[in-house]
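**Student:** So for the sequence shown, our numbering puts the first residue at 2; every next one is plus one.
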Amino acid sequence: MPIALFALTLSAFAIGTTEFVIVGLVPTVAQDLGVSLPSAGLLVSLYALGVAVGAPVLTALTQKWNRKSLLLSLMALFTVGNLVAWQSPGYETLIVARALTGLAHGVFFSIGSTIATSLVPKEKEASAIAIMFTGLTVALVTGVPLGTYIGQEWGWRATFLVVAALGVVALIGSAALVPNSLKQSKAAPISAQLKVLTEPRLILVYLITAIGYGGNFVLFTFLTPILEEVTQVPSAWVAPMMLLYGVSVAFGNIWGGKLADKKGPIPALTVMFIGLATVLLIFSQTAYHPVAIAITILVWGAFAFGNVPGLQVYVVQLAQRFRPDAVDVASGLNIAAFNLGIAFGAWAGGLIVDNGSLMDTPWVGAAIVMIALALTRFSGYLDSREERALCRAA
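#1: What are the boundary residues of the alpha helix (DSSP H) that L120 is part of?
#2: Cβ atoms of P310 and G258: under 8 Å apart, would you say?
#3: Per DSSP, what kind of secondary structure is Y289 in: helix, strand or coil?
#4: Are there 16 or more other CB atoms within 10 angstroms of the CB of H106, so buried, or fewer, so exposed?
#5: Taking buried to mean at least 16 other C-beta atoms within 10 Å of its own C-beta, is R99 buried or exposed?
#6: Using only the alpha-carbon positions, how far apart do E387 and I204 sit?
#7: Check this for me: beta carbons of L381 and F304, under 8 Å apart or not?
#8: Taking just the CA atoms, how far does G307 sit from L370?
#9: Which class does S74 belong to by DSSP, given the choice of helix, strand or coil?
#10: So is F379 buried or exposed if we call it buried at 16+ other beta carbons inside 10 Å?
#11: On the DSSP letters alone, give me the boundaries of the alpha helix (DSSP H) that Q313 sits inside.
#12: Taking 8 Å as the CB-CB limit, is T232 close to chain D?
#13: Hey, T10 and A140: beta-carbon distance below 8 Å or not?
#14: Where does the unbroken alpha helix (DSSP H) through W157 begin, and where does it stop?
#15: Counting pairs of Cβ atoms below 8 Å between the segment 133–153 and the segment 339–354, do you hit three or more?
#16: How many angstroms separate the CA atom of R389 from the CA atom of R322?
#17: Are the CB atoms of T362 and V231 nearer to each other than 8 Å?
#18: Which value, in whole angstroms, describes the spacing of the CA atoms of F161 and V280?
#19: In chain order, what residues of the same chain lie with their CB nearer than 8 Å to the CB of T115, ignoring the 5 residues before and after it?
#20: Between L244 and the rest of its own chain, which residues show a CB-CB distance below 6 Å, the 5 nearest in sequence each way excluded?
#21: Rounded to the nearest angstrom, what separates G357 and V170 at their Cα positions?
#22: Since F339 contacts T210 with CB under 8 Å, what's their CB separation in whole angstroms?
#23: So for P3, helix, strand or coil by DSSP?
#24: If contact is defined by three or more beta carbon pairs under 8 Å, each pair taking one atom from either stretch, is the segment 115–134 in contact with the segment 261–271?
#25: Tell me the rounded alpha-carbon separation between K65 and D326.
#26: Please go through the same chain and pick out, in chain order, the residues whose beta-carbon is closer than 6 Å to the beta-carbon of A320, but skip the five residues on each side of it.
Written out as structure tokens, the structure reads:
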């Protein structure tokens with residue numbers, strides 16, 4: 002694989018750490034800033050909304066920029082956002098800092114996905130995306146547990162300072178490893194970009210992405226308070242539990258990429274969504290037992306993130322068929338869909354916790370994932386129908 006992929010992975014590691022570390026810090030931030038658990042959970046939603054806005058809008062506005070210059074600018078913005086979070090005097094400033102960092106995140110993964118697929122042969126596209134997204138999985142394996150530990154020991158502000166330092170390292174790595182002559186898609190007129198939002202097949206996949214990811218985050222956003230209040234594990238156990246989740250994610254991401262390459266996106270997504278819904282239901286029963294919940298978390302991560310390569314490569318494939326003049330924008334909108342799902346899931350989880358209990362989040366999440374499964378099968382049916390029509394026409 003080209004070395005540029007590993008530079009993208011390095012940046013994805015830093016970005017992934019700041020996105021997901023807040024999940025381990027929700028109770029700590031809530032207590033320090035004097036806000037409720039659902040209010041602290043909104044820091045997950047608002048970051049995701051920053052990504053959702055940044056991915057399609059800023060991707061479209063920056064499509065004429067040199068790809069390397071854009072990557073370096075994004076990592077600089079990311080670093081500044083985390084420094085603002087470190088120095089935040091209160092909840093409102095922290096919200097602004099999270100949204101600012103989310104803007105950089107959205108554009109990075111939008112252009113990163115199309116760069117990754119342009120660097121490899123077609124049959125390795127899903128694996129290339131999986132390698133880039135390995136940065137997210139490694140962040141979940143090491144960055145998030147370590148960031149959670151730092152936040153519990155030295156305060157949540159220290160975590161954001163460390164993440165800002167990661168941003169500097171990623172910036173230097175991108176400057177050194179990413180080539181200047183990256184392939185760049187031809188700039189599409191605004192009218193062509195807007196047409197992406199009118200393509201039914203792409204809209205359907207965006208719905209699958211948002212709903213499937215959202216179902217997972219109904220529970221994941223409140224994993225730490227569940228571990229502390231329901232499972233009643235010591236706070237020191239939270240970081241190791243996050244480590245288990247991260248190890249599983251690392252396996253699932255690579256597995257999902259290989260499965261999508263071998264079987265195709267629809268069969269791979271079917272496996273992932275069935276597995277995810279099943280694990281969420283099992284979680285509702287095992288959450289009361291420390292050993293059982295540890296095993297459940299170890300399996301959960303593989304299904305939770307194993308759908309990422311399949312969803313992203315599916316969007317790229319459909320965009321190349323239906324909107325070839327706006328593939329970058331189509332890819333960016335899927336990144337937006339991922340994060341709208343996260344925002345929706347975290348918000349819905351907060352409503353559930355406010356009006357029900359923490360243990361209502363697993364089964365509601367499973368029900369939402371099943372909707373994504375039904376939409377996936379419908380999209381597969383449409384693919385088959387179009388292939389049969391082409392065969393008859395030939």
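All C-beta atoms, glycine included, are put in the ideal place defined by N, C-alpha and C.
**Tutor:** This is what the structure gives:
#1: Premise fails: L120 is in no alpha helix (DSSP H) and is neither H nor E.
#2: yes
#3: coil
#4: buried
#5: buried
#6: 17 Å
#7: Note that residue 381 corresponds to Gly in the displayed sequence, not to Leu. The answer is no: Cβ separation not under 8 Å.
#8: First, the residue type needs correcting, since residue 370 is Val and not Leu in the sequence shown. For V370 and G307, the distance between alpha carbons rounds to 14 Å.
#9: helix
#10: exposed
#11: 309–323
#12: Considering every chain present, this structure includes no chain D. It has just one protein chain.
#13: no
#14: 157–178
#15: no
#16: 16 Å
#17: no
#18: 31 Å
#19: S186, V317, V328, D329, S332
#20: P146
#21: 43 Å
#22: 6 Å
#23: coil
#24: yes
#25: 14 Å
#26: V328, A331
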